[in-house]
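Visitor: Numbering-wise (our numbering), the sequence shown opens with residue 10 and increments by one.
The C-beta atom is built at its ideal place from N, Cα and C for all residues, glycine as well.
Every value quoted in this text rests on a predicted model; they were computed, and no experiment measured them.
Structure in C-alpha cells, see below.
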Amino acid sequence: MLNKEKWKKKIKAILSLDSHPGHISAGFAVGVFISFTPFFGLHTPMAIAAAFIFRLNKLTCITGAWVNTPITVIPILGISYKLGRMLRGLPPEKFQIEGLQWQHLEKHGTSLLLGTSILGFIAAVAAYFICYYLVVRFRQKDETLAELTKEMEETGEDME
Numbered sequence: 010m011l012n013k014e015k016w017k018k019k020i021k022a023i024l025s026l027d028s029h030p031g032h033i034s035a036g037f038a039v040g041v042f043i044s045f046t047p048f049f050g051l052h053t054p055m056a057i058a059a060a061f062i063f064r065l066n067k068l069t070c071i072t073g074a075w076v077n078t079p080i081t082v083i084p085i086l087g088i089s090y091k092l093g094r095m096l097r098g099l100p101p102e103k104f105q106i107e108g109l110q111w112q113h114l115e116k117h118g119t120s121l122l123l124g125t126s127i128l129g130f131i132a133a134v135a136a137y138f139i140c141y142y143l144v145v146r147f148r149q150k151d152e153t154l155a156e157l158t159k160e161m162e163e164t165g166e167d168m169e
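Spelled out as C-alpha cells, the structure:
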C-alpha cells in the first residue's frame with residue numbers, strides 16, 4: 010500500500026539536497042525526458058549514464074526516469090505514435106501492439122521515437138520549471154536554506 014509519510018520524507022530529501030536548484034531540476038528534467046522513451050527496462054540505466062555523462066544530480070535524474078508509470082505508458086505511447094505519424098506526413102493509423110518489448114514496437118519505431126522525443130522534451134521543460142519552483146519554495150520555509158539558496162542563485166554555485 011502507498012505510505013504517504015514515506016513518500017513525503019523522500020520528496021523532502023530531494024527538495025533539500027545540497028545542490029543548486031537548477032542542478033537538481035536539470036537532473037529531474039533529463040530523467041523525465043528519458044522516462045518518455047520507448048526503451049522499457051532501460052530507463053534507470055539510461056538515467057544513471059546520463060547523470061554521469063552530463064554531471065547531473067543522480068538521485069533526481071533517476072527519480073525523473075520513473076515519472077512515466079505503467080498506468081501512463083500506454084496512453085503516452087498512443088499519443089506519441091499519432092504525433093510521430095502526423096509529423097512525418099503519414100495518415101493517422103490505430104496504434105496496436107502485442108507487448109511493450111522492442112520487437113513489438115520496432116515496426117512503429119520511427120513514429121514512436123519522433124513522438125516520444127517531442128512529448129518528452131515538452132514534459133522535461135515543464136518538469137524543470139516545476140521542480141525549480143518546488144525546490145526554491147521548499148527552501149524558503151527554512152531560514153538557513155533560504156539564505157543559502159539565495160546566495161547560490163546569485164553566484165551560481167552549489168552549497169558547501
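How many angstroms separate the CA atom of His29 from the CA atom of Leu65?
Guide: Cα to Cα, His29 sits roughly 11 Å from Leu65.
Visitor: Would you mind giving the Cβ-Cβ distance between Gly31 and Ala74, rounded to the nearest angstrom? I have them listed as a contact below 8 Å.
Guide: Between Ala74 and Gly31 the Cβ distance is about 19 Å, and since that is not below 8 Å, they are no contact.
Visitor: For Cys70 and Tyr90, what's the separation of their Cα atoms in angstroms?
Guide: One C-alpha to the other measures close to 25 Å.
Visitor: Thinking C-alpha only, which one of His117, Arg97, Arg94, Leu99 is nearest Gln105?
Guide: For Gln105, the nearest C-alpha among the options comes from His117.
Visitor: If we call anything under 9 Å between Cβ atoms a contact, is Ser120 one with Arg94?
Guide: Taking 9 Å as the Cβ cut-off, Ser120 and Arg94 qualify as a contacting pair.
Visitor: Starting from Ile85, trace the alpha helix (DSSP H) both ways and give me its first and last residue.
Guide: Residues 79 to 96.
Visitor: Using a threshold of 9 Å, state whether the C-beta atoms of Leu154 and Ser44 are closer than that.
Guide: No; because the gap between Cβ atoms is not below 9 Å, this pair is not in contact.
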